[in-house]
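J.:
2 protein chains.
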Amino acid sequence: MSTEPRQLHLNAFLMTPGHHDAAWRHPDSQPHRATDVTYFQQLAQTAERGKLDSIFFADGLAVWGRLRSNVSGGLEPLTLLAAIAAVTSRVGLIATASTTFNEPFHLARKFASLDHISNGRAGWNIVTSGSVTEANNFNLEEHLDHAVRYQRATEFLEVATGLWDSWADDAVLLDKESGVYADPDRVREIQHAGPFFQVRGPLNVQRSPQGWPLLVQAGSSEDGREFAARHAEAVFTAQQTLEDAVAFAKDVRARAAAHGRDGLPLILPGICPIIGATEAEARALEDELTELQVIDYGLAQLSNMLNVDLSGYPLDQPPPEHLLPTEQEVNGNKSRFTLVSDLARREGLTIRQIIARLGGGRGHRVVAGAPEQIADAIESWFRAGAADGFNIMPPILPTGLDAFVDHVVPELQRRGLFRTEYTGTTLRDHYGLPRPDARSTESESLLASSSL
Amino acid sequence: MSTEPRQLHLNAFLMTPGHHDAAWRHPDSQPHRATDVTYFQQLAQTAERGKLDSIFFADGLAVWGRLRSNVSGGLEPLTLLAAIAAVTSRVGLIATASTTFNEPFHLARKFASLDHISNGRAGWNIVTSGSVTEANNFNLEEHLDHAVRYQRATEFLEVATGLWDSWADDAVLLDKESGVYADPDRVREIQHAGPFFQVRGPLNVQRSPQGWPLLVQAGSSEDGREFAARHAEAVFTAQQTLEDAVAFAKDVRARAAAHGRDGLPLILPGICPIIGATEAEARALEDELTELQVIDYGLAQLSNMLNVDLSGYPLDQPPPEHLLPTEQEVNGNKSRFTLVSDLARREGLTIRQIIARLGGGRGHRVVAGAPEQIADAIESWFRAGAADGFNIMPPILPTGLDAFVDHVVPELQRRGLFRTEYTGTTLRDHYGLPRPDARSTESESLLASSSL
Ligand SMILES: Cc1cc2nc3c(=O)[nH]c(=O)nc-3n(C[C@H](O)[C@H](O)[C@H](O)COP(=O)(O)O)c2cc1C
Ligand SMILES: Cc1cc2nc3c(=O)[nH]c(=O)nc-3n(C[C@H](O)[C@H](O)[C@H](O)COP(=O)(O)O)c2cc1C
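Line by line, the protein sequences give chains A and B. Heads up: the first sequence is residues 1 to 452, going by UniProt numbering. Heads up: the second sequence is residues 1 to 452, going by UniProt numbering.
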């Protein structure tokens with residue numbers, strides 16, 4: 001056959017000082033650079049050197065985790081990505097932002113601005129926010145119910161896409177002679193009035209290079225999958241086993257097909273690659289990191305994921321079965337709860353062992369090995385239909401990303417699975433996704449109101 | 001005397017395609033670059049070449065003015081300034097953001113991020129937003145009352161400053177050996193509960209180089225002055241006459257002194273310098289721009305400022321006195337209403353003449369002349385106590401800023417009124433303002449909650 005094999009998509013999930021929860025104690029990591037823009041700019045340049053589709057920042061609206069024993073207090077992703085856009089030219093730039101604690105006008109505007117600033121490289125990881133500490137920073141004592149959060153997310157996206165389409169691509173006429181800058185008939189109010197939002201529009205940003213940012217989603221509960229199937233163009237997901245990953249991918253694709261969205265969304269499971277020159281070297285690094293874990297931190301993280309306070313229980317026994325809630329009872333991150341409790345049950349792990357297993361990727365797949373073995377781990381899931389690409393979560397930064405770009409990417413390229421050069425310029429180009437058309441516009445009339 | 005004379009502060013107010021409302025029709029302007037990040041990066045580099053204290057972007061949360069006849073749909077300032085920070089190293093970066101339509105947690109976080117990204121160059125122009133079209137994009141049919149907006153602004157600032165102080169400067173210990181990243185006793189919850197906001201804190205950004213961004217304010221009504229006197233470190237203001245400007249500066253300084261804030265805030269009136277090699281050349285440019293004005297646009301702007309629909313009234317007569325409301329009746333921009341109605345009355349101007357007079361600076365002072373004359377206009381107000389510096393509003397960009405930096409700045413330097421080199425690195429350094437101390441911290445306990 002002469003046709004090129006299906007191509008992988010690779011996204012670098014960046015987080016100071018790397019994804020292993022003990023990374024900050026390892027000599028290779030740079031936890032002192034949590035607020036240093038050049039640290040992130042250099043990581044993005046490394047990703048671009050590796051021809052990766054994109055980089056990605058997670059986000060939360062409160063101090064996450066116990067700041068006593070892990071890095072926190074870094075930079076807001078959209079602001080940071082604008083500074084990264086200025087020193088890169090191809091790599092996609094995906095920011096997480098919450099639909100629960102934002103207003104659609106602000107967020108639509110920021111993503112449109114980032115898309116202009118980056119010449120079409122913006123992506124949005126749409127999350128609904130899982131923690132009550134976030135709610136406490138936004139005038140709420142209790143968290144919104146999980147189902148309500150997804151209802152709000154749906155309406156939020158309707159408003160945001162309406163705003164992105166509110167300027168037709170050809171709205172700006174710029175006729176100096178006749179004195180017509182823009183055609184008011186090609187810039188429309190959206191007049192949205194729904195249960196969560198009333199937004200008149202239009203957006204105050206001209207239509208951006210990609211029309212809409214790439215829409216990514218990262219919740220895997222029932223509601224999360226349904227949202228992904230209807231709206232997402234790519235999905236980040238944490239999967240422990242090939243079997244679960246294939247089942248997840250099939251389920252999301254079937255749901256999407258039922259909504260007439262064949263071939264969408266792209267499925268991108270996380271993988272934390274612990275890379276050594278040899279397998280033995282990789283395993284030694286993994287062990288070294290496990291040794292450095294702060295057990296209290298791991299216990300707090302695990303308690304949070306399982307929605308139960310495990311402190312005081314024997315570390316060398318499994319978490320007592322009767323303590324664990326059902327997924328239904330969890331109002332935070334439902335899918336992560338289920339992943340972790342399944343993992344613990346399936347393998348009969350003790351609390352200490354679960355903490356070690358979650359250290360590398362908080363529930364994402366961890367693979368330790370030589371570059372070829374990492375490439376095998378990627379290729380096997382890719383060929384088995386579990387993934388259209390991967391969310392690469394280096395255990396330590398910058399070394400883990402350097403190793404991936406310098407040793408794993410060339411191996412994937414040799415296998416014909418990954419691009420050796422960018423073929424397009426926008427993030428949508430990289431993921432092979434079309435630019436949305438602006439929907440038909442209606443006329444509007446606007447009042448003057450500028451007195452600066 | 002051997003002591004250096006008091007030094008001027010200069011801020012470049014940047015706006016596509018320049019401040020004259022007909023600039024976009026002039027051949028020197030670049031209205032096609034409204035969403036082009038390199039346009040703004042180059043302007044910022046020009047300001048930095050001129051050793052200006054800062055650049056500044058205004059902002060609104062709706063399409064401003066009539067898009068048919070003026071540039072609109074540009075970029076969101078905070079995102080844009082992060083991209084500018086990446087290609088500059090000294091010039092301050094001031095973004096406007098509204099306290100009426102934002103949440104303090106988001107905004108405190110973005111300014112702290114920008115301050116880190118720029119190594120201490122962030123400033124915030126605090127505005128309360130004057131138009132109902134903005135309210136319509138944020139779930140409101142009516143605008144909040146002027147007084148309520150300022151009450152909200154006061155509480156907003158209390159929350160934001162609390163968040164900026166929530167991490168002590170020495171909170172991060174980074175002790176890899178013992179496994180302690182940050183000292184939880186030096187990162188405090190703010191537990192704010194007030195009529196507008198309930199915010200638990202702490203901020204999820206470490207304390208930034210300046211502690212707080214420079215706080216700028218730009219409303220000149222009674223409530224606006226009081227807010228400036230209590231909280232602002234610098235004030236932007238539109239003033240037509242030296243007499244009014246001196247009275248304004250005295251009033252704001254006296255109010256500030258009554259709150260124990262002697263010497264604050266710095267007063268920065270706007271000036272639109274129309275620069276020519278000779279006065280005749282400058283006047284020719286001014287006339288050329290007046291010729292290019294779109295009368296319908298000017299009429300809509302004027303109607304908006306005067307809070308009355310003037311369409312249909314004879315252009316060559318003054319606006320009918322009985323139509324004009326009182327400042328009390330105005331709920332939008334009170335001070336601009338008063339400035340414009342006073343100007344019209346004082347000089348008995350016709351509607352057409354007012355539109356011409358407002359074309360250059362929307363009510364700010366316009367001065368046409370050779371570089372020495374512009375320097376005279378600056379020096380005279382500076383020496384008379386009307387100003388600590390100026391908000392420079394070039395009529396056309398980039399040419400108007402080039403002319404200012406290449407011809408007016410050297411003249412001011414020759415007169416010993418303006419720096420020839422930056423002496424500090426932060427925006428606060430440039431304005432001679434201290435870095436705020438973090439207020440005393442209390443202990444906090446945080447829940448773990450990260451499952452990305
Ligand atoms: C790779 C990945 C990244 C995520 N990033 C974030 C994030 O940055 N912020 C966040 O609030 N949630 C994040 N999540 C969590 C989910 O998006 C979602 O908010 C949460 O899982 C609840 O959804 P669910 O109950 O449908 O699973 C992430 C999940 C995954 C798999
Ligand atoms: C130089 C200058 C810049 C301003 N920039 C903005 C702006 O960007 N956005 C805004 O909503 N208002 C802006 N304003 C208006 C005021 O900040 C304020 O919101 C408005 O004047 C109402 O306040 P007042 O009634 O106290 O005058 C500006 C005013 C001046 C003098």
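The C-beta atom is built at its ideal place from N, Cα and C for all residues, glycine as well.
#1: Does any heavy atom of ligand 2 sit closer than 7 Å to the C-beta of Ala9(B)?
#2: Using the C-alpha atoms, what's the distance from Glu379(B) back to Asp115(B)?
#3: Of all the beta strand (DSSP E) runs that stay within the bounds of the region 230-282 of chain B, which reach a length of 3 or more residues?
#4: Which bits of chain A does His32(B) rub up against, with CB to CB less than 7 Å?
#5: Does the beta-carbon of Asn125(A), which I'm using as the reference point, lie nearer than 7 Å to any heavy atom of ligand 1?
#6: Confirm the yes/no value for this check: CB of Gly276(A), any heavy atom of ligand 2, distance under 7 Å.
#7: Give me, in chain order, the residues of the same chain whose beta-carbon lies closer than 8 Å to that of Ala284(A); leave out the 5 immediate sequence neighbours on both sides.
#8: Cβ of Lys110(B) within 7 Å of any heavy atom in ligand 2?
#9: Can you name the start and end residues of the alpha helix (DSSP H) that His162(B) belongs to?
#10: Should Gly73(A) be flagged as near chain B, meaning a C-beta pair shorter than 8 Å?
#11: Out of Ala193(B), Asn204(B), Asn304(B), Leu412(B), point me to the one whose CA is closest to Ala377(B)'s CA.
#12: Which residues share a DSSP beta bridge with Asp175(A)?
#13: Where in the region 98-135 of chain A do unbroken runs of the alpha helix (DSSP H), each at least 4 residues long, occur, reported from the N-terminal end onward?
#14: Across which residues does DSSP place Pro78(B) in a beta bridge pair?
#15: What's the C-alpha gap between Asp402(B) and Glu134(A)?
#16: According to the neighbour-count rule (16 or more other Cβ atoms, all chains shown, within 10 Å of its Cβ), is Pro320(A) buried or exposed?
#17: Can you grab the Cα-Cα spacing for the pair Ile205(B) / Trp24(A), in whole Å?
#18: Below 7 Å between beta carbons is the criterion; list the residues of the region 107-125 of chain B that meet it against any residue of chain A, in chain order.
#19: Helix, strand or coil for Ile55(B), going by three-state DSSP, please let me know.
#20: What residue from Cys272(A), Gln317(A), Ala85(A) has the CA that sits closest to Phe13(A)'s CA?
#21: Hey, how far is the Cα of Phe236(A) from the Cα of Val409(A)?
#22: Quick one, which of Gln151(B), Ser131(B), Tyr150(B) has its alpha-carbon nearest Glu142(B)'s?
#23: Is Val330(A) close to chain B, meaning its C-beta is less than 8 Å from at least one C-beta of that chain?
#24: So is the beta-carbon of Gly74(A) under 7 Å away from any non-hydrogen atom of ligand 1?
#25: Where do the ends of the alpha helix (DSSP H) carrying Ala377(B) lie?
#26: On the DSSP letters alone, give me the boundaries of the alpha helix (DSSP H) that Phe40(A) sits inside.
#27: Just the Cα atoms here: how many angstroms apart are His20(A) and Glu233(B)?
#28: Looking at the unbroken beta strand (DSSP E) that takes in Gln7(A), where does it start and where does it end?
#29: Below 6 Å CB to CB, which residues in the same chain sit around Val159(A) once its five sequence neighbours on both sides are set aside?
#30: In chain B, which residues lie less than 8 Å from Glu155(A) when you measure between Cβ atoms?
#31: Name the DSSP beta bridge partners of Gly18(B), please?
#32: Just checking my contact of Leu339(A) with Gln240(A) at CB under 8 Å: how many whole Å lie between their CB atoms?
#33: Sorry if obvious, but does the Cβ on Lys250(B) come closer than 7 Å to a heavy atom of ligand 2?
#34: Could you list which residues in chain B have their beta carbon closer than 9 Å to that of Gln206(A), in chain order?
#35: Would you say the beta carbon of His146(B) is closer than 7 Å to some non-hydrogen atom of ligand 2?
#36: Any Cβ of chain A within less than 8 Å of the Cβ of Thr425(B)?
T.: Per the coordinate set shown:
#1: In the second sequence, counting from the first residue as 1, residue 9(B) sits at position 9. Note on identity: in this sequence residue 9(B) is His, with Ala being the wrong assignment. Incorrect: His9(B) has no Cβ contact closer than 7 Å to ligand 2.
#2: Mapped onto the second sequence, residue 115(B) falls at position 115. Mapped onto the second sequence, residue 379(B) falls at position 379. Computed Cα separation, rounded: 32 Å.
#3: 234-237, 266-275
#4: As a first step, residue 32(B) must be located in the second sequence, where it is residue number 32. Ordered by position in chain A, the residues that pass the 7 Å Cβ test against His32(B) are Leu174.
#5: One-based indexing of the first sequence puts residue 125(A) at position 125. The answer is yes for Asn125(A).
#6: Taking the first residue of the first sequence as position 1, residue 276(A) is located at position 276. Checking every heavy atom of ligand 2 against the Cβ of Gly276(A), none is found closer than 7 Å.
#7: As a working note, residue 284(A) is residue 284 in the first sequence. The answer, listed in chain order, is Gly276.
#8: For the purposes of this step, residue 110(B) is identified with residue 110 of the second sequence, where counting begins at 1. Result no, Cβ not under 7 Å from ligand 2.
#9: The count along the second sequence starts at 1 and reaches residue 162(B) at position 162. Looking at the sequence provided, one finds Gly at residue 162(B) rather than His. Gly162(B) -> alpha helix (DSSP H) spans 146-164.
#10: Within the first sequence, numbered from 1, the residue matching residue 73(A) stands at position 73. Cβ-Cβ to chain B under 8 Å: yes for Gly73(A).
#11: As a first step, residue 377(B) is located in the second sequence; it is residue number 377 there, counting from the start. Comparing Cα positions, the closest option is Leu412(B).
#12: Walking along the first sequence from the start, residue 175(A) turns up at place 175. BP columns for Asp175(A) point to Val180(A).
#13: 104-117, 132-135
#14: The residue labelled residue 78(B) in the question sits at position 78 within the second sequence. Here residue 78(B) turns out to be Leu, not Pro, going by the sequence shown. Answer by DSSP bridge pairing: none, since Leu78(B) is not bridged.
#15: Counting from 1 along the second sequence, the entry for residue 402(B) is found at position 402. Counting from 1 along the first sequence, the entry for residue 134(A) is found at position 134. Distance between the alpha carbons of Asp402(B) and Glu134(A) is about 46 Å.
#16: Taking the first sequence and counting its residues from 1, one reaches residue 320(A) at position 320. Exposed, by the Cβ-count rule.
#17: As a working mapping, residue 205(B) is identified with position 205 in the second sequence. As a working mapping, residue 24(A) is identified with position 24 in the first sequence. What sits at residue 205(B) in the sequence shown is Val, not Ile. Each residue's alpha carbon lies about 17 Å from the other.
#18: Arg109, Lys110, Ser113, Leu114, His116, Ile117
#19: Mapped onto the second sequence, residue 55(B) falls at position 55. Looking at Ile55(B) - three-state DSSP - the assignment turns out to be strand.
#20: Position 13 of the first sequence, counted from the start, is the residue given in the question as residue 13(A). Nearest of Cys272(A), Gln317(A), Ala85(A) to Phe13(A), Cα basis: Cys272(A).
#21: To locate residue 236(A), count along the first sequence from 1; it is residue 236. To locate residue 409(A), count along the first sequence from 1; it is residue 409. Approximately 20 Å between the Cα atoms of the pair.
#22: Locating residue 142(B) in the second sequence gives position 142, counting from the first residue. For Glu142(B), the nearest C-alpha among the options comes from Ser131(B).
#23: Here residue 330(A) is taken as the residue at index 330 of the first sequence, counted from 1. Chain B contact via Cβ: absent.
#24: The residue given as residue 74(A) occupies position 74 in the first sequence. Gly74(A): no, Cβ never under 7 Å from ligand 1.
#25: Position 377 of the second sequence, counted from the start, is the residue given in the question as residue 377(B). 371-383 is the span of the alpha helix (DSSP H), which, as asked, contains Ala377(B).
#26: Here residue 40(A) corresponds to residue number 40 of the first sequence, with the count starting at 1. It spans 37-49 - the alpha helix (DSSP H) in which Phe40(A) sits, taken as one unbroken run.
#27: For the purposes of this step, residue 20(A) is taken as the residue at position 20 of the first sequence. For the purposes of this step, residue 233(B) is taken as the residue at position 233 of the second sequence. Rounded to whole angstroms, His20(A) to Glu233(B) spans 43 Å at the Cα level.
#28: One-based indexing of the first sequence puts residue 7(A) at position 7. Taken as a continuous stretch (DSSP letters only), Gln7(A) belongs to no beta strand (DSSP E), as it is neither H nor E.
#29: Sequence index remark: in the first sequence, residue 159(A) carries index 159 (1-based). Around Val159(A): Pro104, His192, Phe197, Val199.
#30: By one-based count along the first sequence, residue 155(A) stands at place 155. Near Glu155(A) there are no residues of chain B at all, since even the closest Cβ is about 12 Å away, more than 8 Å.
#31: Taking the first residue of the second sequence as 1, we reach residue 18(B) at position 18. According to DSSP, which records beta bridges pairwise, Gly18(B) is partnered with nothing at all.
#32: For the purposes of this step, residue 339(A) is taken as residue 339 along the first sequence, with counting starting at 1. For the purposes of this step, residue 240(A) is taken as residue 240 along the first sequence, with counting starting at 1. Indeed they touch by this definition, with Cβ atoms about 6 Å apart.
#33: In the second sequence, the residue the question calls residue 250(B) occupies position 250. Outside the cutoff, so no.
#34: Start at 1 with the first residue of the first sequence, and residue 206(A) comes out as number 206. The contacting residues are Ala34, Thr35, Ser72, Gly73, Gly74.
#35: By one-based count along the second sequence, residue 146(B) stands at place 146. His146(B) Cβ: within cutoff of ligand 2.
#36: For the purposes of this step, residue 425(B) is identified with residue 425 of the second sequence, where counting begins at 1. Output row for Thr425(B): interface = no.
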